[in-house]
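Engineer: Letter 548 of the sequence shown, counting from 1, is numbered 548 in full-length UniProt numbering, and no numbers are missing.
Quick one: structure below, then a few questions.
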Amino acid sequence: MKNKELDLAWNFVNNTDRNVFLTGKAGTGKTTFLHSLREQSLKRMVVVAPTGVAAINAKGVTIHSFFQLPFGPILPNRDLNTSQDFRFSKIKINIIKSLDLLIIDEISMVRADLLDGIDQVLRRYRKRDKVFGGVQVLMIGDLQQLSPVIKEHEWNLLSVFYSSAYFFNSMAFKACNALTIELKHIYRQDNPMFINILNEIRNNSLSQTSIDIINKQVIEDFTPSENEGYVSLTTHNYKADKINLSELAKISDNAFSYKAEIHGKFPEYSYPNNPIFELKKGAQVMFIKNDSSPEKRYYNGKIGKVVELGEDEVIVKCPGDDFHIVTMLEVWDNFDYTVDKETSAIKEHKIGSFKQMPLRLAWAITIHKSQGLTFEKAIIDAQDAFAHGQTYVALSRCKSLEGLILKSNIHPDQIISDDQVLKFNDTAESNQPNVDVLKQSQIHYQLNLIAEIFDCYAFLQPVNRLLDIYYKNRNSIEGQMDLVLNDLKTEISSLLKVSSNFNAQLKSLTSPEILPQKHHLIQERFAKAVGYFNNQLKDKISQPFESLQFSTDNSSVESDILKQLNQLEELIGVKLFYFKNLKNEFNAENYLKLKAQSVFLNEEQPKQKRKPALSSTSNTKLLELLKDLRSNLAQEYNQIHYQIFTQKSLYTMCELLPTTKKELSAIHGMGKTRVNKYGDVILEVIKAYCEVHDIVPNGMDQVETKIVKKSKIDTKALSFQLFKDGKTIEEIAVIRELTENTIFGHLASYIPSGKIKVTDLMSESHYNELKQIIPTLSFENLSDLKNQLDDKYSYAELRLVLNALQS
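Quick look at the structure:
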């Protein structure tokens, strides 16, 4: 049978990004709709619910477990980042980032502060400036059923921010512009008379005729036989306990008694279980707490049968499980909440604990725990209904009047309604969306997806963070990161301007009758944009990014830099992945599939390790030798490695090649104490390196070197001849198996004779700049001069210009 409300809901959820509140009477197919979405929708989704039973019925998880939210009140201005439980695994973060749709079942029981807590978490890991972080939210439930549970001391804290505890009073719901779609057709019951009775109870208008009909089902002393399959629903726990104890007594096996351990302040009305209760082999039981072990074998509401009993454990077998659950004692903590007057944050204090088996007898359950379930046969005791929607929930669990047994008459005073709910429902019913709203929402949704594909705004966060790290720690970082990063920032800003103009252009082309993915001109512009953005991203962002190198001896700084580099690398990779697979046309379904795949794209491809910034020295082997020496000295003297000598001192040594303590002392950072303590071994390593690699140090202060060349060949003349033959310094170094620094020194020796010009060995711009700058500076030696200048000038270039100025 055609159901226009279900079709409308299906299209809004699957083909738009609108938030939806799906409501309807009990039995109108809300849960079936949810299961159909899970099986058929292309959107990546997570299903959550406020209680363990509701979550399992929805084939989801509890809100608190998925979002790791505290069980106490959540103030709107609370920083959840400070919570000890607010730690998410990489897998969960990936799930949240890839999420297209969040489904919250039994929304009527979700408190306003809890929905705002969900909003905070989603904003943290997705888009901070959008409600629910930009995730589409489907809220399913019936406000005429069970309402949120809130304790008096919790409401005292929350009433400052909310007019009621219902979800529709949350700040997130008010901001999310949700549509309300009410399902009308009832599937659970097919008896028009029974349906009419339920509707009257729901609307607090129970007629005398309906009272007479429903009360014909009263059998006060009804006792089902063991195999009849009746489940008893009661208003209060104590009534369920009475039935359960009666059934337990019928089992002839010996009973085991379990006594709770109670510490501190834990009032009796808050006990999560009986302080003393008995179990027998064969008893029907229900778990009343989620499994705290990593295995997560049971959840709050799971029902099974006891197969073995011991003093410290109970073994339970549940229908559908191929294993037995060994159940141990669990702990419940009692907390008190206060508000800090200065910070307005809620402080949580543990004031007591309750330790007991997480089980209770389950021949009968309360109406509250039955929400979302359907029974062929049920025994209902609603005589003491005390909460909004309780009687309606109990009766609407039954498929028929024939399967319903009442323990007492139903009276109008048992039908409890909330005026705020009635007012909200009236407003929502008058604003139901139609197909025209659907069409405009679909167009808006597809334009948003296209804008998302070309949006590179997220790139700025890691780039800005990297620049911040670099400028704050530049004395401990080698490599000109800021040059590359500032260029990247400029290119990203340029792409943002282009994407903004492109989005405006698409909106001007949009027709109210044609979806963007069916619009020929929009598809044509989209394909061209993909080509342009793909090339720009590769040439102006990806390639410069790959050239970025750095090195630091501060492990904390290194970790922070690598974290941001990896984030930027992932963002670039994802965009290129989209452009590669969407180069022909835009299709919303295809893009959703790509989004889901892209979250795990970088996990499948190993990240490239960032190379150290070695461009500032050509003596890379010496660099590694001195690093090893530094590590050994640090271990020997029980020091941190940079306390032996810093990263900058290390690179300066590799460039200047000091061979005396006088030369070593001239290096910035190598004071008298360090030279006296470590100088001999440092110089020994440098001299050995120079001998092995046939290097003649230039002498930082024109100190004569005593290093003897191994070869009697005129090594400088050979390098000069190769240079005259058109070889570059890099090529000569490879041919002669020497370092570029050594070749540079060879060629520089021909400058005084005029056989080689300074500008043959360095750029003319650097030469002219340094000729202007150096005479204005005061410095003691080459190392001192280098520290006063921009990193773009090398030591070799400084030597050349100094020599030119002196001559």
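By construction, the Cβ of each residue, glycine as well, lies at the ideal position given by its N, Cα and C atoms.
Give me the Cα-Cα distance between L777 and G133, rounded to the nearest whole angstrom.
Structural biologist: C-alpha separation (whole angstroms): 54 Å.
Engineer: With burial defined as no fewer than 16 other Cβ atoms inside 10 Å of the residue's Cβ, what is the status of A382: buried or exposed?
Structural biologist: It counts as buried.
Engineer: Just to confirm the assignment, what range does the beta strand (DSSP E) spanning L404 have?
Structural biologist: Counting along the chain, the beta strand (DSSP E) containing L404 begins and ends at 404-406.
Engineer: Only counting the same chain, and skipping five residues up and downstream in sequence, which positions put a Cβ closer than 6 Å to that of R736?
Structural biologist: Cβ within range, chain order: n/a, list empty.
Engineer: For the beta strand (DSSP E) that T223 lies in, which residues bound it at each end?
Structural biologist: Element bounds for T223: n/a, residue is neither H nor E.
Engineer: With a threshold of 16 other CB atoms inside 10 Å of the CB of I325, please say whether the residue is buried or exposed.
Structural biologist: So I325 ends up on the buried side.
Engineer: Under the rule that 16 or more other beta-carbon atoms within 10 Å means buried, what is L805, buried or exposed?
Structural biologist: That one is exposed.
Engineer: Taking only the alpha-carbon atoms, compute the straight-line gap between I346 and E154 and give it to the nearest angstrom.
Structural biologist: Because the pLDDT at I346 is just 38, under 50, the model does not fix this residue reliably, and the point stays unresolved.
Engineer: Tell me the rounded alpha-carbon separation between E402 and I453.
Structural biologist: Near 57 Å, if we compare the C-alpha coordinates of I453 and E402.
Engineer: What does the Cβ neighbour count give for P319, buried or exposed, with the cut at 16 atoms within 10 Å?
Structural biologist: Exposed, because fewer than 16 other Cβ atoms sit within 10 Å of the Cβ of P319.
Engineer: Could you pull the start and end residues of the beta strand (DSSP E) that S257 belongs to?
Structural biologist: Here the beta strand (DSSP E) through S257 covers 255-259.
Engineer: Report all residues from its chain with a CB closer than 6 Å to the CB of S41; omit the five preceding and five following residues, and keep chain order.
Structural biologist: Within the same chain, S41 has close Cβ partners N14.
Engineer: Residue range of the alpha helix (DSSP H) that H766 falls in?
Structural biologist: Note, H766: alpha helix (DSSP H), 764-773.
Engineer: At which residues does the beta strand (DSSP E) containing A49 begin and terminate?
Structural biologist: Unbroken beta strand (DSSP E) run through A49: 45-49.
Engineer: Look at the alpha carbon of A178 and the alpha carbon of F21, and state the distance between them as a whole number of angstroms.
Structural biologist: If I take the Cα positions, the gap works out to 6 Å.
Engineer: Counting C-beta neighbours from all protein chains within 10 Å, is the total for A283 16 or more, i.e. buried, or is it exposed?
Structural biologist: Under this definition A283 is a buried residue.
Engineer: Where does F586 fall in DSSP's three states?
Structural biologist: Three-state result, F586: coil.
Engineer: From the DSSP output, read off the bridge partner residues of N334.
Structural biologist: Beta-bridge pairing links N334 to G352.
Engineer: With DSSP as the reference, please indicate the residues paired to L22 in a beta bridge.
Structural biologist: In DSSP, L22 forms a bridge with I140, I181.
Engineer: Does DSSP classify V61 as helix, strand or coil?
Structural biologist: Strand.
Engineer: Which residues share a DSSP beta bridge with K317?
Structural biologist: Beta-bridge pairing links K317 to K305, H324.
Engineer: Where T510 and Q597 are concerned, what is the direct C-alpha to C-alpha distance, given to the nearest angstrom?
Structural biologist: One C-alpha to the other measures close to 29 Å.
Engineer: Looking at the structure shown, is F459 part of a helix, part of a strand, or coil, going by DSSP?
Structural biologist: Residue state, collapsed to three classes: helix.
Engineer: Return the residue from the list S500, S542, K439 that minimises the CA-CA distance to F484.
Structural biologist: It is worth fixing the name first, because residue 484 is Val in this sequence and not Phe. Taking only the C-alpha atoms, the option nearest V484 is S542.
Engineer: Could you tell me which residues DSSP puts in a beta bridge with M286?
Structural biologist: Answer is I303, R360.
Engineer: Identify, in the order they occur along the chain, each residue of the same chain with its Cβ nearer than 7 Å to the Cβ of F71, setting aside the five sequence neighbours on each side.
Structural biologist: Excluding positions up to five away in sequence, the list reads H64.
Engineer: Which term fits M45, buried or exposed, when burial requires 16 or more other beta carbons within 10 angstroms of its beta carbon?
Structural biologist: That one is buried.
Engineer: Quick check on R126: does DSSP put it in helix, strand or coil?
Structural biologist: DSSP places R126 in coil when its eight states are reduced to three.
Engineer: Take every Cβ of the stretch 447-463, pair it with every Cβ of the stretch 188-206, and state whether three or more of those distances are shorter than 8 Å.
Structural biologist: These segments do not touch.
Engineer: What distance in whole Å lies between the Cβ atoms of S246 and A240, which are believed to be in contact at a cut-off of 8 Å?
Structural biologist: With a Cβ gap of about 11 Å, A240 and S246 do not count as contacting.
Engineer: Based on DSSP bridge pairs, tell me the residues matched to V218.
Structural biologist: Answer by DSSP bridge pairing, in chain order: L406.
Engineer: Looking at C-beta atoms only, is the number of pairs between the stretch 205-218 and the stretch 359-372 that lie closer than 8 Å three or more?
Structural biologist: Counting Cβ pairs under 8 Å, fewer than three are found: no touch.
Engineer: If you draw a straight line from the alpha carbon of N334 to that of Q120, how long is it in whole angstroms?
Structural biologist: Each residue's alpha carbon lies about 25 Å from the other.
Engineer: Counting beta carbon pairs with one atom in the stretch 95-111 and one in the stretch 134-147, are three or more of them shorter than 8 Å?
Structural biologist: With a cut-off of 8 Å, the stretch 95-111 and the stretch 134-147 count as touching, because enough Cβ pairs lie within range.
Engineer: Go ahead and label Q390 buried or exposed: buried means 16 or more other beta carbons lie within 10 angstroms of its beta carbon, across all protein chains shown.
Structural biologist: So Q390 counts as buried.
Engineer: What three-state label does DSSP hand T673 in the structure shown?
Structural biologist: Looking at T673 - three-state DSSP - the assignment turns out to be helix.
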